[in-house]
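Q:
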Amino acid sequence: MRKEDEERETSSDMFIRGFEKRPIEISKVTLNQLGDWISKINSILDQLSDQQKIHLFHIRSSPQFVEKLVEEIEAKRGLEGRYKKLATLMVEKQTKAQEQIAKADQELQTVVTSTKELQKQVSLN
Numbered sequence: 003m004r005k006e007d008e009e010r011e012t013s014s015d016m017f018i019r020g021f022e023k024r025p026i027e028i029s030k031v032t033l034n035q036l037g038d039w040i041s042k043i044n045s046i047l048d049q050l051s052d053q054q055k056i057h058l059f060h061i062r063s064s065p066q067f068v069e070k071l072v073e074e075i076e077a078k079r080g081l082e083g084r085y086k087k088l089a090t091l092m093v094e095k096q097t098k099a100q101e102q103i104a105k106a107d108q109e110l111q112t113v114v115t116s117t118k119e120l121q122k123q124v125s126l127n
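For the sequence shown, the working numbering begins at 3 and goes up steadily by one.
Right, dumping it as structure tokens:
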């Protein structure tokens, strides 16, 4: 915001500058210095918002954080075993269903052949 105010020139700015009482250090700051400061601040903010560094800060500052991570990993390992069991059960159910389909198809074929035989016998009589 200050950068925009510094770059914009209006007639009232000269009037305001006449009455303005700034510390000398602030009035000596140029737009280039202000831009440099903003870019440095943005780079620091980017570094502080890096997820990996956030995890490292949590690990360093809180031993409970590490224990919590370990508990989450162990819980996920337990779920992994459960999901593997579910996957094998699903495969078993699929094979049983395929076997039942094959058996039903064989029974259907026998019913079809016996029905054809009966039709032939009925048509002959």
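Ideal Cβ positions, reconstructed from N, Cα and C, are used throughout, including at glycine.
#1: Just curious, the alpha helix (DSSP H) that T112 is in, first and last residue?
#2: Taking only the alpha-carbon atoms, compute the straight-line gap between D38 and H57 and give it to the nearest angstrom.
#3: Beta-carbon of Q123 versus every beta-carbon of chain B: anything under 8 Å?
#4: With a cut-off of 8 Å on the beta carbons, I'd call F67 and I75 a contact; round off their distance for me.
#5: Just how far apart, CA to CA, sit L88 and A99?
#6: With S128 as the anchor, note down where its alpha helix (DSSP H) starts and where it stops.
#7: Rounded to whole angstroms, how far is the Cβ of K55 from the Cβ of Q49, which I believe are closer than 8 Å?
#8: Let me know the secondary structure DSSP gives K55 once reduced to three states.
A: In terms of the structure at hand:
#1: Translated into positions along the sequence shown, residue 112 becomes position 110. Counting along the chain, the alpha helix (DSSP H) containing T112 begins and ends at 65 to 126.
#2: Taking the sequence shown and counting its residues from 1, the one referred to as residue 38 is at position 36. Taking the sequence shown and counting its residues from 1, the one referred to as residue 57 is at position 55. Going from the Cα of D38 to the Cα of H57 covers about 29 Å.
#3: Within the model displayed, chain B is absent; a lone protein chain is all it includes.
#4: Walking along the sequence shown from the start, residue 67 turns up at place 65. Walking along the sequence shown from the start, residue 75 turns up at place 73. Between I75 and F67 the Cβ distance is about 13 Å, and since that is not below 8 Å, they are no contact.
#5: Counting from one through the sequence shown, the residue named residue 88 turns up at place 86. Counting from one through the sequence shown, the residue named residue 99 turns up at place 97. Roughly 16 Å between the two C-alpha positions.
#6: For the chain, the structure presents residues 3 to 127; residue 128 sits outside this window and is missing.
#7: The residue you call residue 55 lines up with position 53 of the sequence shown. The residue you call residue 49 lines up with position 47 of the sequence shown. 7 Å between Cβ atoms; contact.
#8: Along the sequence shown, one-based indexing puts residue 55 at 53. Helix.
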